[in-house]
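Residue numbers (the working numbering): 386 to 872. Don't be surprised by glycine CBs; every beta carbon is placed ideally from N, CA and C. Report on one structure; see the data block that follows.
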């Protein structure tokens, strides 16, 4: 299972190296207006991040905070755009003058309604920084391909009974014939509360930038409850599936508002929890969003939602129990069942961790993390009666939990578009054997899956990560998605 121990490295030496590299690569010593600002002093390595991942994340951090050193007139992230001024300015803008690139803030005629009720409608819209192609090439992994720069935006959109945040990246390049396609990049597990949102952070900017730097409109949605009212319904299939589908609608709406030409085609990709969400979205597509022109789904190391895949982990200590605890607490609160799962002495600690900490820090700040709040020994968290039945995969005395697993397992669906699954042989979070079992079930349902097993790949170095991070199948996974959008 995933390791979350502290790494043996001298903090001051590491911080000096990281920030020296930032200065050398970017020439940026002062934060610019954007989603986030570089810290005045170096931040400590968040627990659970290796030095390599922290450096890559730092590069992503600069994408949102130092992007394009030339000044812009974009609004600060926590400042609402003055719609009166924007609309007045937009009246003099020819309607077809921005089909080829994302326009400036004073060239937009927004159609934003904080009380809109249509799924995917935009309730809030904020302008962020631009990252030029030249600037990107100076700060990211030099082995990565960059086709163009992009402009960043943060939105709030409606999805079912919820709101969701998202980061949108619009390519700063001419639209191809027929317009830009849209890619929804659904992120993996972070946490349950607002502290764990990716919008307005370097992580959200990095996820959206991955596909935007290759010439597609890209949206990286948070799930409901991350930065929006309520707690996040973790791995609740209908909620996250709808949020992903509605993110596609929201991206198309944002493009229309920015006068950027689109093809209307949408592809869904996601890692881990995001893989679960996009596969669930495929199942929900015809009922929830049949008008969405969905052309492809690709999932990397997808969570299956299978009871039999979660059960063995309750028999031994390890950091996997943070995911398990998060899952059970989220389901208990979302579905409001009263199964007695947690020890009385652990209930307050679990509730505190769920509402005040994350698995990792999207902003790379020193925030409370699950490993700092909870033990990783099952007998210190769960009642013995529950552990016995969970390990035996027989939840006779826990009907609420049993029903939750049944409701949220990934199932086959009739797909009129290609579906792809990526899996690393060394993935210790979502095991190859688990994904193989999921694949067999999808095959048995009549689905045809393009199953790509990558020798030597783990969970977070496979595909669909951040723009600054070269993963083992970055190029192949992006090329496959783009080919589906261009057909």
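Secondary structure remark: continuous alpha helix (DSSP H) runs of at least 4 residues inside the stretch 622 to 693, in chain order: 622 to 642, 658 to 673. If you draw a straight line from the Cα of residue 649 to the Cα of residue 787, it is about 39 Å long. Distance between residue 854 and residue 645, taken at the CA atoms: about 28 Å. Take residue 692, set aside five residues on each side of it, and the residues of its chain with a beta-carbon closer than 7 Å to its own are 778, 790, in chain order. Note that the C-beta distance between residue 667 and residue 798 is below 8 Å.
The DSSP-derived three-state label of residue 842 is coil. If you compare the alpha carbons of 565, 591, 532 with that of residue 539, the shortest gap goes to 591. The straight-line gap separating the alpha-carbon atoms of residue 838 and residue 682 is approximately 16 Å.
Per DSSP, the continuous alpha helix (DSSP H) segment holding residue 820 begins and ends at 817 to 829. Taken atom to atom, the span from the alpha-carbon of residue 736 to that of residue 714 is near 8 Å.
The alpha-carbon of residue 507 is positioned some 16 Å away from that of residue 513. Remark: three or more beta-carbon pairs, one from each stretch, lie closer than 8 Å, so the stretch 699 to 716 and the stretch 757 to 767 are flagged as touching. Around the beta carbon of residue 502, fewer than 16 other beta carbons lie within 10 angstroms, which makes this residue exposed. The secondary-structure analysis by DSSP pairs residue 515 across a beta bridge with 536. Per the C-alpha coordinates, the member of 515, 578, 558, 564 positioned closest to residue 754 is 578. The stretch 731 to 746 makes no contact with the stretch 847 to 862, as fewer than three CB pairs between them are under 8 Å. Counting only unbroken stretches of 3 or more residues, the beta strand (DSSP E) elements lying wholly within the stretch 571 to 614 are 602 to 606, in sequence order.
At a Cβ-Cβ threshold of 8 Å, residue 661 and residue 687 count as neighbours. Around the beta-carbon of residue 570, 16 or more other beta-carbon atoms lie within 10 Å, marking it buried. Residues 616 of the same chain have their beta carbon placed closer than 7 Å to that of residue 718, with the five preceding and five following residues left out of the count. In the three-state DSSP reduction, residue 711 falls in the helix class (H, G or I). Note on residue 811: under 16 other CB atoms within 10 angstroms of its CB, so exposed under the neighbour-count rule. For residue 722, the three-state secondary structure derived from DSSP is coil.
Comparing C-alpha distances from residue 509 to each of 729, 757, 612, 536 shows the shortest one belongs to 612. The bridge partners DSSP lists for residue 806 are 684, 836.
In this structure residue 628 is not in contact with residue 602, their Cβ atoms being roughly 18 Å apart against a cut-off of 8 Å.
DSSP, reduced to helix, strand and coil, places residue 754 within a strand of the structure shown.
Taking the Cα positions, residue 498 is about 46 Å away from residue 775.
Under the DSSP definition of a beta bridge, residue 743 partners with 576, 754. Taking residue 749 as reference, the option from 562, 587, 724 with the minimal CA-CA separation is 587.
Around the beta carbon of residue 773, a 10 Å sphere encloses fewer than 16 other beta carbons of the protein chains shown; the residue is thus reported as exposed. With a cutoff of 8 Å on beta-carbon distance, residue 720 and residue 785 are scored as near each other. The beta carbon of residue 674 sits closer than 6 Å to those of 630, all from its chain and outside the five residues before and after it, given in chain order.
Take the alpha-carbon of residue 823 and the one of residue 694: they are about 10 Å apart. Judged by their CB atoms, residue 685 and residue 807 are nearer to each other than the 8 Å cut-off. Nearest neighbour of residue 813 by Cα position, chosen from 610, 566, 500, 843, turns out to be 843.
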